[in-house]
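Residue numbers (my numbering): 113 to 381.
In structure tokens form, the structure reads like this:
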């Protein structure tokens, strides 16, 4: 391996600079697309039929994956916490820990990461296919704004649907935890619910729910950004969907950190 391509060599430095430059360009493009979409929100006609169609595609068709993942995550986390708390004689605290974890973090964030991969990649593939087949250019030629016709309905639908999917995941994750507690740890459902309600407040539920519209916006805007930037035919569409899944997952986790910090500051003030 030559010196220029080794870690710390000139080639490596140039490669990292190019990656940072591409990241800055992507952030700038996403910011511009966000501004264009926000402006399109107040222009008529309202894209209500397209938004309703996206609500069905993003919400109803995601119920299956949310149900399976949240149910089994609830059961797995119950087993993990049970074996940990059993060492300290704290098995009775399992319901409180599980439900509190689901309310504040597991339901909103894991749902956003799992569903975001499906939703974001679907948006990137759909919009990207329209871009490579010049349908987006046709929209511009007709005097319409792609940000209003394509991006806005998807952003609004994602923002509206994520709180509902998070609540659905919370209910099913809790159901999975109740099942494991009743069958393996002799904690009956009524005791589970009573114990969890002693520790979990409405503020915990709303703290997790407040993150979900931001997650929905991130998923939709990144998926549409990569879709509108797709070039190179079917190979480009596949590359855009792959990049979307990675970018959405990383962006959600980064946003989750800052949103959690902001919510803790708000609740403590």
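Quick reminder that beta carbons are idealized off the backbone N, C-alpha and C, glycines included.
Computed from a predicted model, the values in this text were never measured in an experiment.
- If you draw a straight line from the Cα of residue 302 to the Cα of residue 308, it comes to about 10 Å.
- With respect to residue 367, residue 327 sits close: the two C-beta atoms are nearer than 8 Å.
- Counting C-beta atoms within 10 angstroms of its own C-beta, residue 355 has 16 or more neighbours from the protein chains shown and is therefore classed as buried.
- Beyond the five residues adjoining it in sequence on each side, residue 335 comes within less than 8 Å, by CB distance, of 231, 232, 233, 234, 235, 236, 239, 266, 356, 360 in the same chain, given in chain order.
- Where residue 156 is concerned, there is no enclosing alpha helix (DSSP H), because DSSP gives it neither an H nor an E.
- In this structure, 364 is the residue among 364, 288, 350, 304 with its C-alpha nearest to the C-alpha of residue 331.
- Comparing alpha carbon positions, the residue from 299, 318, 263 closest to residue 279 is 318.
- Taking C-beta atoms as the reference points, residue 212 and residue 275 fail to come closer than 8 Å.
- Taking each of 217, 349, 146 in turn and checking the Cα distance to residue 370, the smallest one comes out for 217.
- Under the DSSP assignment, residue 222 falls outside any alpha helix (DSSP H); it carries neither an H nor an E label.
- Contact check for residue 145 and residue 248: beta-carbon distance about 13 Å, past the 8 Å limit, so the pair fails to qualify.
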